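Colleague:
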Amino acid sequence: MRKLLVVVFATFVAWGAFAQVTFTQTGMASFYADKFQGRSTASGERYDKNKLTCAHLSLPFGTTLRVTSLENNRSTVVRVNDRGPFAPDRIIDLSRKAAEALGIISAGTGKVKIEVIAGEGLFEASSPALDANAANPPSPSSPKPTVRQEPLAGSGSQAAPLPQAPSTGAAVAEGGGEAAELYSVQVAPVAAKGFAVQLASYQGLSNLFRKIGGVDERNLLVYVVGSDSYATYKVMVGPFPTRAQAVKEKERLGNRFPGCFVVQL
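Below is the structure:
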């Protein structure tokens, strides 16, 4: 599995209309044991087995998902408010109510397909205020973005170059359709150590370039986990040498990015 740390200083070179990018994932679902009733989740909410909620490893808190059983075709809609599952063969942990709706209580697990139906993409679920920034993109004369990239310590993998911007000024969006977007990217090494504040995570590199110009923060980090064909991009601010400094930054960012949290690099 590839693990990269990317430091991003970026604004748009050009902005245009783009096709909607969707996220789907197929794999095994499990559900919370009743002993977790009332315990705090990673978002700060209390787990309630009678609500339609779930845990996902990377989708932003507040994202709404349609979960469909591939065994009986039953489906339900849940909201992400926790992180997990951490078992290698699972992609989602469901509340008991959601598991009952899918009919997986007796088996304990079930194969499902998950689809984002609200809050899709970088920051949209974590910070609705960012949409206002996206509605007023920088002009074409904005400075070119600079991206630095280096493998995480101990990952045992080489840093792979980010995709080059198309010379024609047009890119094909991941969800299909042509997008009138142009980006300039530069790559250089950066140390991966200390702590950071994670703002959001998402699938699809194209969303990074579309949204990064609307984030008025310096020292943006992108932690890339996965293969070239399927990667998760975790967007952070940092790095900070101590956890205390990262916690202080989290408090500063909390109003703009609800659900952000401190991670160790």
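Note that my numbering has the sequence shown beginning at 1, numbered continuously upward. All C-beta atoms, glycine included, are put in the ideal place defined by N, C-alpha and C. Just so we're clear, the structure is a prediction, and the values are computed from it rather than from any experiment.
Could you round the C-beta distance between Ile117 and Thr64 to whole angstroms and report it? I think they count as a contact, below 8 Å.
Modeller: 5 Å
Colleague: Around the Cβ of Lys193, are there at least 16 other Cβ atoms within 10 angstroms (buried) or fewer (exposed)?
Modeller: exposed
Colleague: Between which residues of its own chain and Lys113 is the CB-CB distance below 8 Å, once the five residues before and five after are set aside?
Modeller: Thr24, Gln25, Thr26, Val67, Thr68 and Leu70
Colleague: Do Thr232 and Ser58 come within 7 Å of each other at the CB atom, strictly closer than that value?
Modeller: yes
Colleague: Report the CB separation of Val235 from Val224 in whole angstroms; it is logged as a contact under 8 Å.
Modeller: About 10 Å separates the two Cβ atoms, so there is no contact after all.
Colleague: Could you name the residues of the same chain whose beta carbon sits closer than 7 Å to that of His56, not counting the 5 residues immediately before and after it, in chain order?
Modeller: Excluding sequence neighbours, His56 sits near Val80 and Ile92.
Colleague: Whole angstroms are fine: how far does the CA of Glu100 sit from the CA of Leu52?
Modeller: Computed Cα separation, rounded: 10 Å.
Colleague: Give the C-beta separation of Ala98 and Cys54 to the nearest angstrom, bearing in mind that I take them to be a contact with Cβ-Cβ under 8 Å.
Modeller: Rounded, the Cβ-Cβ distance is 6 Å, consistent with contact.
Colleague: Please list, in chain order, all residues of the same chain as Gly84 whose beta carbon is under 6 Å from its beta carbon, the five residues on each side excluded.
Modeller: Ala55 and Asp93
Colleague: Nearest by alpha-carbon distance to Ala244: which of Phe195, Arg96, Asp34 and Arg74 is it?
Modeller: Answer by Cα proximity: Phe195.
Colleague: Can you look up Leu253 in the DSSP assignment and give me helix, strand or coil?
Modeller: helix
Colleague: As a quick exercise: from Pro258, Asn50, Lys111 and Asn72, pick the residue whose alpha carbon is nearest that of Val78.
Modeller: Asn50
Colleague: Confirm, please, whether the CB-CB distance from Ala42 to Asp82 is below 7 Å.
Modeller: yes
Colleague: Can you list, in chain order, the residues of its chain whose CB lies under 8 Å from that of Gly238, leaving out five sequence neighbours each side?
Modeller: Gly194, Phe195, Ala196, Val197, Asn219, Leu221, Ala246, Glu249 and Leu265
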